[in-house]
Amino acid sequence: MPWSREQMAQRAARELRSGYYVNLGIGIPTLIANYIPTDMKVVLQSENGMLGMGPFPYEGEEDADLINAGKQTITELPISSYFSSADSFAMIRGGHVNLAVLGGMEVSERGDLANWMVPGKMIKGMGGAMDLVAGVKRVIVVMEHVGRGGAPKFKARCELPLTGANVVDLLITDLAVFSRADREAAFELIELAPDVTEAQVRSHCSAQFRSPAAGLPVAGVAPDPAGPW
Amino acid sequence: MTQAGSAPKVCASTREALAGVVHDGMSVMSGGFGLCGIPDGLIEALRDSGVRDLTVISNNAGVDGHGLGLLLLTHQIRKMVSSYVGQNREFERQYLAGEVEIEFNPQGTLAERIRAGGAGIYGFYTRTGAGTVVAEGKETRVVGGETYVLETGLVADLALVKAWKGDTEGNLVYRKTARNFNPVMATAARVTVAEVEQLVEVGEIEPDRVHTPGIFVQRIVQSSRGDKPIEHRTVRKRSDALVT
Chain A
2 MPWSREQMAQ RAARELRSGY YVNLGIGIPT LIANYIPTDM KVVLQSENGM LGMGPFPYEG
62 EEDADLINAG KQTITELPIS SYFSSADSFA MIRGGHVNLA VLGGMEVSER GDLANWMVPG
122 KMIKGMGGAM DLVAGVKRVI VVMEHVGRGG APKFKARCEL PLTGANVVDL LITDLAVFSR
182 ADREAAFELI ELAPDVTEAQ VRSHCSAQFR SPAAGLPVAG VAPDPAGPW
Chain B
18 MTQAGSAPKV CASTREALAG VVHDGMSVMS GGFGLCGIPD GLIEALRDSG VRDLTVISNN
78 AGVDGHGLGL LLLTHQIRKM VSSYVGQNRE FERQYLAGEV EIEFNPQGTL AERIRAGGAG
138 IYGFYTRTGA GTVVAEGKET RVVGGETYVL ETGLVADLAL VKAWKGDTEG NLVYRKTARN
198 FNPVMATAAR VTVAEVEQLV EVGEIEPDRV HTPGIFVQRI VQSSRGDKPI EHRTVRKRSD
258 ALVT
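One line per chain: the protein sequences are A and B, in this order. Counting with our numbering, you get residues 2 to 230 for the letters of the first sequence. Counting with our numbering, you get residues 18 to 261 for the letters of the second sequence.
Written out as structure tokens, the structure is:
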């Protein structure tokens, strides 16, 4: 049974560590903010110029001057600060942000990411994604395992224009989690969604990846929907 | 004591603020992220000036009927230099019909190109875009095993910026995330025009609080717009502790 969007976000939240400065992309990555353990100090960076992003405002308290990178109204916290786009990307490009979580259209077995355009079809642009993958120390991609029509998204090579070459450290799909020790290493399957087999995962992608290292349990760890948080 | 309105930088209207500084084929920087911190009044005045064949440098292209979307409707923009142009059907239509060009810059590269341009720096090497179409045709350099792409500084004929507060000397203060691209753009144009929500006398802004020093601002005008549009209004219920 594939993981839901919320469960994928919960799984990604397990990668957070206290003290991290984190940039969350649009879509499933945004949901991760809901699963930050209350006893953990994580500061969310919004590339349009804010550190310490707070939750959505109460109705009637929206402020047109206070939005996140998805252009949604948000709030500030006592720890918040504001800065220019140049300073924001100094944080990102300069390696000061610990973790970035992005959505993906395609990820290759070598860790390439494509998530910004479909030639002839979609012309939205890369926004800050290219800077994030180039500058942030650890990059996690969260995406469906297959696209519409069942086309694999974890592939031997990306066919879409790249956002970054060899930039992905951890890949979370709705079927499985793939990790690699460093940017030289191959991806290894480390977790499976409940009742999903390695054979199923392989048959729905064109990427080569290592089977779980001997002795590592692949237990189909479903994040508890109720959660500790 | 200088009176507001008598200082040489202060303009009586957005139309006056653009008088004599616009021409066909010019390049214009326009501040803002989405609809947040955009110089709406000056964009309207630019539309009304009738200038054409503009190259507009702005993170986004507005949305249908708002911000730079106004200049798209009148076909005054020939080329956009942006990082993201989603949420704009008219832009997409014009692009697919070959009526408008787009040069995509990664958002951080765009910000840094403008910062460099304003600071008199020819260019800089960045990892951003290495191994992607963004690096095509550009000089690259490998240092310590990492590939860096040469990106050049950007300057424009005119910058239109939006600030919360400004004084008659052109000192500006921005508010919250409406700051975004405005401070860098203010530094990078031959003429910078600031639209402010509150135009105040010198001395009313504490020098330590100034974000953009007046040297970067040639003209300043009180905004005539009372409304500030919100692109995605997201709220939570009083009982709801979560973000979504």
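For each residue, glycine too, the CB sits at the ideal point set by N, CA and C.
Taking the alpha carbon of residue i as the reference point, which residue from the options has its own alpha carbon closest?
{"i": "residue 169 (chain B)", "options": "B:190, B:144 and B:130", "result": "B:130"}
{"i": "residue 134 (chain A)", "options": "A:117, A:54, A:148 and A:149", "result": "A:117"}
{"i": "residue 11 (chain B)", "options": "B:104, B:158, B:96 and B:207", "result": "Since the displayed chain B opens at 18 and closes at 261, residue 11 (chain B) lies outside it and no answer follows."}
{"i": "residue 188 (chain B)", "options": "B:166, B:197 and B:233", "result": "B:233"}
{"i": "residue 75 (chain A)", "options": "A:99, A:173, A:202 and A:49", "result": "A:49"}
{"i": "residue 151 (chain B)", "options": "A:143, A:129 and A:140", "result": "A:129"}
{"i": "residue 178 (chain A)", "options": "A:202, A:185 and A:156", "result": "A:202"}
{"i": "residue 175 (chain B)", "options": "B:72, B:82, B:226 and B:29", "result": "B:72"}
{"i": "residue 55 (chain B)", "options": "B:85, B:236, B:29 and B:231", "result": "B:85"}
{"i": "residue 156 (chain A)", "options": "A:9, A:46 and A:105", "result": "A:105"}
{"i": "residue 181 (chain A)", "options": "A:85, A:28 and A:142", "result": "A:142"}
{"i": "residue 98 (chain B)", "options": "B:113, B:92 and B:124", "result": "B:124"}
{"i": "residue 51 (chain A)", "options": "A:100, A:191, A:83 and A:149", "result": "A:83"}
{"i": "residue 2 (chain A)", "options": "A:19, A:158, A:69 and A:175", "result": "A:175"}
{"i": "residue 240 (chain B)", "options": "B:108, B:157, B:127 and B:61", "result": "B:61"}
{"i": "residue 52 (chain B)", "options": "A:122, A:69 and A:47", "result": "A:69"}
{"i": "residue 46 (chain A)", "options": "A:80, A:194 and A:11", "result": "A:80"}
{"i": "residue 43 (chain A)", "options": "A:25, A:59 and A:138", "result": "A:25"}
{"i": "residue 114 (chain B)", "options": "A:115, A:122, A:103 and A:136", "result": "A:122"}
{"i": "residue 113 (chain A)", "options": "A:172, A:88, A:72 and A:64", "result": "A:172"}
{"i": "residue 197 (chain B)", "options": "A:88, A:144, A:195 and A:71", "result": "A:88"}
{"i": "residue 204 (chain A)", "options": "A:165, A:195, A:159 and A:151", "result": "A:151"}
{"i": "residue 128 (chain B)", "options": "B:162, B:204 and B:255", "result": "B:204"}
When the distance is taken between beta carbons, is residue j closer than 8 Å to residue i?
{"i": "residue 199 (chain B)", "j": "residue 182 (chain B)", "result": "no"}
{"i": "residue 147 (chain A)", "j": "residue 108 (chain A)", "result": "no"}
{"i": "residue 149 (chain B)", "j": "residue 165 (chain B)", "result": "no"}
{"i": "residue 6 (chain A)", "j": "residue 27 (chain A)", "result": "no"}
{"i": "residue 219 (chain B)", "j": "residue 235 (chain B)", "result": "no"}
{"i": "residue 105 (chain B)", "j": "residue 68 (chain B)", "result": "no"}
{"i": "residue 125 (chain A)", "j": "residue 101 (chain B)", "result": "yes"}
{"i": "residue 66 (chain B)", "j": "residue 39 (chain B)", "result": "yes"}
{"i": "residue 1 (chain A)", "j": "residue 33 (chain A)", "result": "This structure does not reach residue 1 (chain A), given that chain A is present from 2 up to 230, and the question cannot be answered."}
{"i": "residue 222 (chain B)", "j": "residue 184 (chain B)", "result": "yes"}
{"i": "residue 253 (chain B)", "j": "residue 90 (chain A)", "result": "no"}
{"i": "residue 207 (chain A)", "j": "residue 162 (chain A)", "result": "no"}
{"i": "residue 211 (chain A)", "j": "residue 187 (chain A)", "result": "yes"}
{"i": "residue 59 (chain B)", "j": "residue 91 (chain B)", "result": "no"}
{"i": "residue 74 (chain B)", "j": "residue 173 (chain B)", "result": "yes"}
{"i": "residue 145 (chain B)", "j": "residue 131 (chain A)", "result": "yes"}
{"i": "residue 155 (chain B)", "j": "residue 171 (chain B)", "result": "no"}
{"i": "residue 39 (chain A)", "j": "residue 115 (chain A)", "result": "no"}
{"i": "residue 95 (chain B)", "j": "residue 117 (chain B)", "result": "yes"}
So residue i and residue j are in contact, right, with Cβ under 8 Å, and what is the actual spacing, rounded?
{"i": "residue 202 (chain B)", "j": "residue 42 (chain B)", "result": "So it is not a contact: roughly 19 Å between Cβ atoms."}
{"i": "residue 195 (chain B)", "j": "residue 66 (chain A)", "result": "4 Å"}
{"i": "residue 189 (chain A)", "j": "residue 213 (chain A)", "result": "7 Å"}
{"i": "residue 111 (chain A)", "j": "residue 167 (chain A)", "result": "6 Å"}
{"i": "residue 191 (chain B)", "j": "residue 228 (chain B)", "result": "5 Å"}
{"i": "residue 63 (chain B)", "j": "residue 89 (chain B)", "result": "Not really, about 12 Å apart at Cβ, beyond 8 Å."}
{"i": "residue 50 (chain B)", "j": "residue 78 (chain B)", "result": "That pair is no contact at about 12 Å."}
{"i": "residue 127 (chain A)", "j": "residue 121 (chain B)", "result": "6 Å"}
Could you tell me which chain B residues have their CB closer than 7 Å to the CB of residue i, listed as they occur along the chain?
{"i": "residue 170 (chain A)", "result": "In chain order: nothing, as chain B lies at least about 16 Å away."}
{"i": "residue 73 (chain A)", "result": "249 and 251"}
{"i": "residue 59 (chain A)", "result": "252, 253 and 255"}
{"i": "residue 162 (chain A)", "result": "149 and 150"}
{"i": "residue 83 (chain A)", "result": "193, 194 and 196"}
{"i": "residue 51 (chain A)", "result": "194"}
{"i": "residue 29 (chain A)", "result": "Here the premise fails: no neighbours, minimum Cβ distance about 11 Å."}
{"i": "residue 94 (chain A)", "result": "125, 143 and 145"}
{"i": "residue 48 (chain A)", "result": "124"}
{"i": "residue 210 (chain A)", "result": "Those do not exist, as residue 210 (chain A) stays about 21 Å from chain B at its closest Cβ, beyond 7 Å."}
Can you pull the chain B residues whose beta carbon is under 8 Å from the beta carbon of residue i, in chain order?
{"i": "residue 24 (chain A)", "result": "Here the premise fails: no neighbours, minimum Cβ distance about 11 Å."}
{"i": "residue 64 (chain A)", "result": "193"}
Which residues in chain A sit within 7 Å of residue i, going by Cβ to Cβ distance?
{"i": "residue 109 (chain B)", "result": "124"}
List, in chain order, every chain A residue whose beta-carbon is nearer than 8 Å to that of residue i.
{"i": "residue 17 (chain B)", "result": "The requested residue 17 (chain B) is not part of the displayed model; chain B covers only 18 to 261."}
{"i": "residue 200 (chain B)", "result": "85 and 87"}
{"i": "residue 103 (chain B)", "result": "125 and 126"}
Along chain B, which residues have their Cβ under 9 Å away from the Cβ of residue i?
{"i": "residue 80 (chain A)", "result": "Within 9 Å Cβ-Cβ: nothing; residue 80 (chain A) doesn't reach chain B, min ~15 Å."}
{"i": "residue 67 (chain A)", "result": "53, 192, 193, 194 and 195"}
{"i": "residue 38 (chain A)", "result": "Neighbours of residue 38 (chain A) on chain B: none; closest Cβ ~13 Å, over 9 Å."}
Residues, ordered as in the chain, of the segment 121-141 of chain A that lie near chain B by beta-carbon distance below 9 Å:
121, 123, 124, 125, 126, 127, 128, 129, 130, 131, 132, 133, 134, 135 and 136
Please name the residues in the segment 134-145 of chain B whose beta-carbon is closer than 7 Å to at least one beta-carbon of chain A, in chain order.
Within the segment 134-145 of chain B, the residues whose Cβ lies closer than 7 Å to some Cβ of chain A are 143, 144 and 145, listed in chain order.
Got a sec: which bits of the segment 180-194 of chain B sit with their beta carbon under 7 Å from any beta carbon on chain A, in order along the chain?
192, 193 and 194
Which residues, in order along the segment 242-258 of chain B, keep a beta-carbon less than 9 Å from a beta-carbon of chain A?
244, 245, 246, 247, 248, 249, 250, 251, 252, 253, 254, 255, 257 and 258
Got a sec: which bits of the segment 115-133 of chain B sit with their beta carbon under 9 Å from any beta carbon on chain A, in order along the chain?
119, 121, 122, 123, 124, 125, 126, 127, 128, 129, 131 and 132
Which residues, taken in chain order from the segment 165-199 of chain A, show a beta carbon closer than 8 Å to some beta carbon of chain B?
165, 166 and 167
Listed in chain order, which residues of the segment 40-51 of chain B have Cβ atoms closer than 8 Å to some Cβ of chain A?
Those would be 50 and 51, in chain order.
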